[in-house]
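First up is the structure itself, then whatever we jot down about it.
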Amino acid sequence: MVLLLVILASFLIVCSRATGLEKFDHPIKVNGNLRFLVVGDWGRKGDYNQSAVALQMGKIGEELDIDFVVSTGDNFYTNGLTGEDDPNFLESFTNVYKAKSLQNQWYTVLGNHDYRGDVVAQLSPYLRKIDSRWICLRSFIINAEFAEIFMVDTTPFVNEYFVETEHTYDWRNVMPQKTYTENVLKDLENALSESRAKWKIVVGHHAIRSVGHHGDTNELVERLLPILRAYDVDLYMNGHDHCLEHISDTESPIQFLTSGAGSKAWRGDVKGLNREDMKFFYDGQGFMSVQMTPTHVEIEYYDVFGKVLHKWSRSKQLHHIVI
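In mature numbering (1 follows the signal peptide of the UniProt record, and there is no 0), the protein residues as written are -18 to -1, 1 to 305.
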């Protein structure tokens, strides 16, 4: 009887993980604050000012006493990792982000350049044995009590990648595309509907709204944005465009925040700066910080010298107890 119960319990755990998003609990500090940095499109072995951005991240991270770092993808250029033992992991991550304040957990999504390499290697728990900071899954949740961050694998949504011939992609465990992306959205929608968090943040590699090189990602505008609006998501954070930008949704309170300037930037590659929803754009290297309490969030963008380029904040009243 006991053996039967053990087998049943194991089965239920497996089913739960297979049909939902894995959740990482990240307790907030005693003072009730949550603070983290957001950086994307960085992995170039320190080149293209990656090391300079990392230096400033370390300084700001120490000033803010950050809890963790969120990476918006394209973690290793140009074509992801070649395997679990690829030296690029050490050369572009461990050996670059050496500051004491950056030794906290790194929560990471995949970008399109990561999919050009060995994706399974980048997702492997083996990398955590090399550097315990590294947490990279396709889609998952960071539960920080009054805030939940929903990390979403957006690369398989982009139809272009499945037909282009210039690059090859590692689609293991993704095909068929339609089924995979439908399941991603279903899992996200279920998680958002169950969330009791005061603040809901969704992170993906690709932009929903952007005036940078790639612009809006039409597949996400059509399929992901309606879900974010329906479940009162506050912030959507992304990389992909190598810039820093802030765009406000015209039909909801959602703020679109791009932090994809962790190394190589695209100077002057911009379109549509005069759009009414545009709040801020910078075509150089840098990163973003997020400071939160149960009733307030503040966003700051920094350049490669640590100068604050843009600030935005919003407050909410507590209408229910967050459990």
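Glycine included, C-beta positions come from ideal geometry on N, C-alpha and C.
Treat the numbers as computed from the prediction; the structure is a model and nothing was measured.
When DSSP states are grouped into helix, strand and coil, GLU233 belongs to the coil group.
Under DSSP, the beta-bridge partners assigned to GLY268 are ASP285. Burial state of LYS182 is buried, judged by a 10 Å Cβ sphere holding 16 or more other Cβ atoms. A straight-line Cα-Cα distance of about 16 Å links SER53 and LEU63. Using a 10 angstroms sphere on the CB of VAL193, the tally of other CB atoms reaches 16 or more, which defines it as buried.
If you draw a straight line from the Cα of THR90 to the Cα of GLN299, it is about 30 Å long. Counting every other CB atom within 10 Å of its CB across the protein chains shown gives TYR108 a total below 16, marking it as exposed.
Contact annotation: ASN141 and ASP96 have beta-carbon atoms that are not nearer than 7 Å. For PHE6, the closest of GLN87, ASP29 and LEU16 by C-alpha to C-alpha distance is GLN87. Nearest in C-alpha terms to ALA34, of all of LEU16, TYR79, ASP223 and ASN15, is TYR79. LEU84 places its beta carbon less than 7 Å from that of GLY40. The DSSP-derived three-state label of ASP169 is helix.
For THR76, the three-state secondary structure derived from DSSP is helix. Cβ neighbours of PRO9 within its own chain (closer than 8 Å, five residues either side excluded): ALA126 and GLU127. Fewer than three beta-carbon pairs drawn from the stretch 200 to 218 and the stretch 244 to 258 are found closer than 8 Å, and the two stretches are therefore not classed as touching.
Annotated three-state conformation of ALA126 is strand, per DSSP.
Distance between VAL184 and PHE132, taken at the CA atoms: about 5 Å. Of the residues assessed, PRO276 falls on the buried side of the cut-off, its CB having 16 or more other CB atoms within 10 angstroms. In the DSSP assignment, GLN85 falls outside any alpha helix (DSSP H), carrying neither H nor E.
Ranking VAL20, LEU3, ASP265 and THR240 by CA distance to the CA of ASP198 puts THR240 first. Around the beta carbon of ALA212, fewer than 16 other beta carbons lie within 10 angstroms, which makes this residue exposed. With a beta-carbon spacing of about 20 Å, HIS224 and GLN237 fall beyond the 8 Å limit used to define contacts. Taken in chain order, the unbroken stretches of beta strand (DSSP E) that lie wholly in the stretch 17 to 55 and span 3 residues or more are 50 to 53. Taking all protein chains shown into account, HIS149 has fewer than 16 neighbouring C-beta atoms within 10 Å of its C-beta and is therefore exposed. With at least 16 other beta carbons inside 10 angstroms of its own, GLY242 counts as buried. For the beta strand (DSSP E) assignment, the uninterrupted runs of no fewer than 3 residues enclosed by the stretch 165 to 213 are, from N- to C-terminal side, 181 to 185. Contact between GLN38 and GLY244 does not hold, since their C-beta atoms are separated by about 11 Å, which reaches or exceeds 8 Å.
In chain order, PHE128, ALA129, GLU130 and VAL304 place their CB closer than 7 Å to the CB of ALA179, counting only its own chain and leaving out the 5 sequence neighbours on each side. By the 16-neighbour rule on beta-carbons within 10 angstroms, ARG154 is exposed. If you check the CB distance, ASN61 and ARG98 come in under 7 Å. Rounded to whole angstroms, the separation of the alpha carbons of ARG257 and PHE122 is 33 Å.
Within a 10 Å sphere around the beta-carbon of ASP47 sit fewer than 16 other beta-carbons, which makes this residue exposed.
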